[in-house]
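Have a look at the structure below before the remarks.
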Amino acid sequence: MVHEENPKSGTPDAAWIARFASPLAHTHAAVALDFALPLAGLRFAVKDNIDVAGVPTTAACPAFERLPEVHAGAVQRLLEAGASLAGKTNLDQFACGLNGTRSPYGEVPNAFDARYVSGGSSSGSAYVVATGEVDFALGTDTAGSGRVPAGLNNIVGLKPSRGLLSAFGVVPAAQSADCVSIFARTVATAVDVLLAAAGHDARDPYSRDIDLRREPLPARFRFGVPDRLSFFGDAAAEQAFGDAVARLLAMGGTPVTIAYAPLAEAAGMLYESALVAERYAAVREFFDAHADDVVEPVRGILASGRQYDAADVFEAQARLHAIAQKVEPMWRDIDLLLVPTAPTHYTREQMRADPVALNRNLGAYTNFVNLLDYAALSVPSSLRADGLPFGITLIGPCGSDLALAELGQRFHHATGLAQGATGQPLPSPRAIPGLAAPDAGILPIAVVGAHLSGMPLNSQLTERGATLMRATTTTPAYRLHALPGTVPPKPGLRRVAEGDEGAAIALEVWAVPLAQVGSFLALIPPPLGLGSVELADGSWVKGFICEGHALAGAQDVTHHGGWRAYVASRATPSSN
Numbered sequence: 012m013v014h015e016e017n018p019k020s021g022t023p024d025a026a027w028i029a030r031f032a033s034p035l036a037h038t039h040a041a042v043a044l045d046f047a048l049p050l051a052g053l054r055f056a057v058k059d060n061i062d063v064a065g066v067p068t069t070a071a072c073p074a075f076e077r078l079p080e081v082h083a084g085a086v087q088r089l090l091e092a093g094a095s096l097a098g099k100t101n102l103d104q105f106a107c108g109l110n111g112t113r114s115p116y117g118e119v120p121n122a123f124d125a126r127y128v129s130g131g132s133s134s135g136s137a138y139v140v141a142t143g144e145v146d147f148a149l150g151t152d153t154a155g156s157g158r159v160p161a162g163l164n165n166i167v168g169l170k171p172s173r174g175l176l177s178a179f180g181v182v183p184a185a186q187s188a189d190c191v192s193i194f195a196r197t198v199a200t201a202v203d204v205l206l207a208a209a210g211h212d213a214r215d216p217y218s219r220d221i222d223l224r225r226e227p228l229p230a231r232f233r234f235g236v237p238d239r240l241s242f243f244g245d246a247a248a249e250q251a252f253g254d255a256v257a258r259l260l261a262m263g264g265t266p267v268t269i270a271y272a273p274l275a276e277a278a279g280m281l282y283e284s285a286l287v288a289e290r291y292a293a294v295r296e297f298f299d300a301h302a303d304d305v306v307e308p309v310r311g312i313l314a315s316g317r318q319y320d321a322a323d324v325f326e327a328q329a330r331l332h333a334i335a336q337k338v339e340p341m342w343r344d345i346d347l348l349l350v351p352t353a354p355t356h357y358t359r360e361q362m363r364a365d366p367v368a369l370n371r372n373l374g375a376y377t378n379f380v381n382l383l384d385y386a387a388l389s390v391p392s393s394l395r396a397d398g399l400p401f402g403i404t405l406i407g408p409c410g411s412d413l414a415l416a417e418l419g420q421r422f423h424h425a426t427g428l429a430q431g432a433t434g435q436p437l438p439s440p441r442a443i444p445g446l447a448a449p450d451a452g453i454l455p456i457a458v459v460g461a462h463l464s465g466m467p468l469n470s471q472l473t474e475r476g477a478t479l480m481r482a483t484t485t486t487p488a489y490r491l492h493a494l495p496g497t498v499p500p501k502p503g504l505r506r507v508a509e510g511d512e513g514a515a516i517a518l519e520v521w522a523v524p525l526a527q528v529g530s531f532l533a534l535i536p537p538p539l540g541l542g543s544v545e546l547a548d549g550s551w552v553k554g555f556i557c558e559g560h561a562l563a564g565a566q567d568v569t570h571h572g573g574w575r576a577y578v579a580s581r582a583t584p585s586s587n
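Quick note on the working numbering: the sequence shown kicks off at 12 and runs consecutively.
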């Protein structure tokens with residue numbers, strides 16, 4: 012079996028194993044679109060290690076194929092919530108891999124550059140969400156399979172607290188550490204899916220009732236950053252992570268250095284200790300009879316589980332519990348942990364040439380999460396200079412899913428990124444259901460010039476405890492002017508009359524504590540003042556506007572699209 016020669020490899024078709032001619036809907040949703048249902052009108056896909064009644068489950072191994080009579084627990088709940096199922100997606104065989112090239116059904120490409128890996132094992136699920144073919148998708152996540160593909164494809168990957176979503180009807184990878192995970196283009200959609208699918212299921216031996224934290228993270232939060240970070244020579248990824256740390260600082264975070272060695276030790280145990288025997292146990296009967304039908308290096312990983320006995324497993328479990336005890340005090344000093352979702356990108360050709368080492372590198376910051384019973388959320392952070400996505404993962408204790416989502420949504424919307432690979436702007440953020448509202452004692456203020464992040468007057472905001480809410484643009488009804496004689500240089504924003512030519516101007520929205528608004532406005536000199544600005548999504552916030560008389564001799568810089576771009580153009584020598 013030479014899976015890399017599959018003609019679908021590297022094409023969009025490789026993302027699907029079974030695509031339905033007509034989406035599958037629950038009976039009550041098929042009669043009419045019932046918009047009282049929480050997921051009505053949404054289409055989804057599921058990874059092909061998750062059962063759909065009457066549809067073969069292959070786990071990307073044709074010889075393993077089984078025909079389930081009932082839906083997986085999570086699938087059933089989503090159908091009942093009004094979503095319709097579009098098909099089943101490709102994966103690294105038996106969910107064993109983080110790169111998306113280990114499948115006889117073809118290598119799933121990256122949604123931004125087909126030469127690169129999609130990430131895995133939930134490769135197809137991530138791709139069809141990133142490209143807009145479905146609204147959300149289910150994957151599974153044992154060692155990062157629901158996060159790495161999200162980070163590499165500019166989408167959200169929500170890895171719930173273990174046991175929150177039923178794993179009944181899922182082909183196990185390492186059953187005690189498995190999670191059903193959620194891919195979406197926005198955090199809000201992922202949370203809607205989480206709440207619709209969550210619930211105890213006695214058919215899943217590891218299902219459990221979890222008390223979710225109902226309070227958001229504090230406005231001034233502490234986030235852990237590993238004391239040692241490797242990007243495997245990828246300078247673009249290292250820079251992108253530094254930018255993410257800076258954005259969290261602007262949002263009110265304080266970085267705290269944490270020792271990564273014990274987390275790395277736990278991560279290594281998944282494949283380098285007797286714990287790998289659980290991978291073998293998951294498919295032992297099939298594997299013992301059909302090992303030749305399993306692709307390499309999956310075959311070698313599963314076979315390695317045969318070498319351990321029961322005593323080895325108990326010793327490994329005791330060692331893992333000891334590590335958990337060692338790292339538990341970390342949470343006394345931080346509210347969450349920040350890591351790169353994936354430390355680098357690899358081409359599919361590179362992955363084929365060195366499939367074990369490079370796959371391990373992609374999971375440098377993922378494997379420990381389920382083993383130590385944490386929740387995690389991967390969110391897009393930036394597009395690198397080479398056009399490839401970079402994502403970060405927010406990690407918290409079991410039950411912190413909604414609190415992570417609230418912060419993750421604010422971070423995602425502050426990036427100004429589009430949704431996946433669709434080019435569509437992010438919609439307005441939404442309140443996270445079930446989570447207490449964040450501190451209402453703030454006034455959102457839009458800034459377009461010297462108060463932007465990294466600009467000369469930004470400290471006037473940060474000194475007052477203001478935090479960055481999001482980066483976006485105005486509606487295309489404004490013009491931007493460089494005001495003469497201002498120090499430091501400042502722009503004037505003007506709304507054009509209806510019918511006149513305007514443009515969308517880049518801006519940031521900052522949350523200013525109400526108690527500090529007065530002192531902040533006192534620093535704003537004429538001809539600038541506080542008015543209302545219309546954002547790209549049609550909402551209005553308070554923001555700086557300029558008195559009309561001051562624009563008479565001002566240079567129109569609208570064509571730059573924003574003040575930051577205009578300032579950069581002045582610093583760049585002319586090519587003429």
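All residues carry an ideal CB built from backbone N, CA and C; glycine is no exception.
**Item:** The beta strand (DSSP E) enclosing SER218, as first and last residue numbers
**Value:** First-last for SER218: undefined, no H or E at that position.
**Prompt:** Does the distance from the C-beta atom of SER187 to that of GLU289 stay below 8 Å?
**Reply:** Yes, the pair counts as a contact, with Cβ atoms nearer than the cut-off.
**Message:** With distance defined between alpha-carbon atoms, name the residue in THR112, LEU494 and ARG77 nearest to ALA461.
**Reply:** The residue with the shortest Cα to Cα distance from ALA461 is LEU494.
**Asked** Taking just the CA atoms, how far does ASP254 sit from THR265?
**Response** For THR265 and ASP254, the distance between alpha carbons rounds to 14 Å.
**ASP262 versus GLY65 - alpha carbon distance** = Sequence inspection shows Met at residue 262; the Asp mentioned does not correspond to that position. Answer to the nearest angstrom: the Cα atoms are 48 Å apart.
**Asked** Looking only at C-alpha atoms, which of SER393, VAL523 and ALA414 sits nearest to GLY453?
**Response** Before going on, a small fix: residue 453 reads as Ile here, not Gly. The residue with the shortest Cα to Cα distance from ILE453 is VAL523.
**Request:** Taking only the alpha-carbon atoms, compute the straight-line gap between ALA70 and TYR116 and give it to the nearest angstrom.
**Result:** So the alpha carbons of these two residues sit roughly 11 Å apart.
**Message:** Just to confirm, is the Cβ distance from THR352 to GLY402 under 8 Å?
**Reply:** Pairing THR352 with GLY402 gives a Cβ-Cβ distance under 8 Å.
**Item:** Euclidean distance between Cα positions of THR426 and SER392
**Value:** Counting only the Cα atoms, SER392 lies some 6 Å from THR426.
**Asked** Among all the DSSP beta bridges, which residues are the ones paired with SER192?
**Response** Per the DSSP secondary-structure output, SER192 pairs in a beta bridge with GLY150.
**Asked** In chain order, what residues of the same chain lie with their CB nearer than 8 Å to the CB of GLN527, ignoring the 5 residues before and after it?
**Response** Here the set comprises ARG475, GLY476 and ALA477.
**Request:** Please name the residue, chosen from GLN566, ARG506 and SER530, that lies closest to CYS557 on a Cα-to-Cα basis.
**Result:** Residue ARG506 is the option with its Cα nearest to CYS557.
**Message:** I'd like the ranges of any alpha helix (DSSP H) spanning at least 4 consecutive residues and lying wholly in the stretch 452-500.
**Reply:** Whole alpha helix (DSSP H) segments, 4+ residues: 470-473.
**Prompt:** With a CB to CB cut of under 7 Å and the five nearest residues on each side skipped, what residues in its chain are close to ALA43?
**Reply:** Residue confidence is low: ALA43 scores 46 on pLDDT, short of 50, so the model does not pin down where it sits. Its coordinate-derived value is still stated next. Taken in chain order, the list of residues that qualify is empty.
**Request:** Report the three-state DSSP secondary structure of GLN435 (helix, strand or coil).
**Result:** Here GLN435 sits in coil by DSSP.
**Request:** Run the CB neighbour count on PHE325, radius 10 Å, all protein chains shown included, and call it buried at 16 or more, exposed below.
**Result:** Under this definition PHE325 is an exposed residue.
**Message:** Could you tell me the alpha carbon to alpha carbon distance between LEU205 and ALA270, rounded to whole angstroms?
**Reply:** In a straight line, the C-alpha of LEU205 is about 31 Å away from that of ALA270.
**Message:** On the criterion of 16 or more Cβ atoms from any shown chain inside 10 Å, does ASP10 qualify as buried, or is it exposed?
**Reply:** Nothing can be reported for residue 10: it is not among the residues displayed for the chain, which extend from 12 to 587.
**Message:** Based on DSSP bridge pairs, tell me the residues matched to TYR127.
**Reply:** In DSSP, TYR127 forms a bridge with THR358.
**Message:** If distances are taken between C-alpha atoms only, which option among GLN471, PHE179 and ASP152 comes closest to ILE456?
**Reply:** When C-alpha distances from ILE456 are compared across GLN471, PHE179 and ASP152, the shortest belongs to GLN471.
**Nearest neighbour of ASN121, chosen from ALA368, PHE242, ALA161 and LEU89 [CA to CA]** = Ranking ALA368, PHE242, ALA161 and LEU89 by Cα distance to ASN121 puts ALA161 first.
**Message:** Taking only three categories from DSSP, how would you classify LEU415?
**Reply:** If DSSP states are grouped into helix, strand and coil, LEU415 belongs with the helices.
**Request:** Excluding the 5 residues preceding and the 5 following GLU417 in the sequence, name in chain order all residues of the same chain whose CB lies nearer than 8 Å to its CB.
**Result:** Its chain contains PRO227, LEU228, ILE443, LEU446 and PRO449 as the residues whose beta carbon lies nearer than 8 Å to that of GLU417, once the 5 sequence neighbours on both sides are disregarded; these appear in chain order.
**Asked** In this structure, does DSSP put ALA364 in helix, strand or coil?
**Response** ALA364 sits in a helix when the DSSP states are folded into three classes.
**Item:** Touching by the beta-carbon criterion (3+ pairs, under 8 Å), the stretch 127-142 and the stretch 159-177
**Value:** The answer is yes - the stretch 159-177 touches the stretch 127-142, with three or more Cβ pairs under 8 Å.
**Prompt:** So ARG219 packs on GLY180, CB below 8 Å; how close in whole Å?
**Reply:** Between ARG219 and GLY180 the beta-carbon gap is near 17 Å, outside 8 Å, which marks them as no contact.
**Prompt:** Applying the criterion that 16 or more other CB atoms from any shown protein chain within 10 Å of the CB defines a buried residue, is ARG581 buried or exposed?
**Reply:** Classification for ARG581: exposed.
**Request:** Sort TRP551, LEU491 and LEU373 by Cα distance to LEU539 and report the nearest one.
**Result:** Nearest of TRP551, LEU491 and LEU373 to LEU539, Cα basis: LEU491.
**Prompt:** Do you know offhand how far TYR357's Cα is from ASP365's?
**Reply:** Cα-Cα distance, rounded: 10 Å.
**Item:** Selected residue, minimal CA-CA separation from ARG77, among VAL182, ALA56 and VAL544
**Value:** Distances from the CA of ARG77 to each of VAL182, ALA56 and VAL544 were compared; the closest alpha carbon is that of VAL182.
**Request:** Have a look at ALA41 and ALA32 and give me their C-alpha separation to the nearest angstrom.
**Result:** Unreliable positioning characterises ALA41 in this predicted model, as indicated by a pLDDT of 45, which lies under 50. A coordinate reading is not provided.
**Assigned secondary structure, ARG30 (DSSP; H/G/I helix, E/B strand, else coil)** = Three-state DSSP puts ARG30 in a strand.
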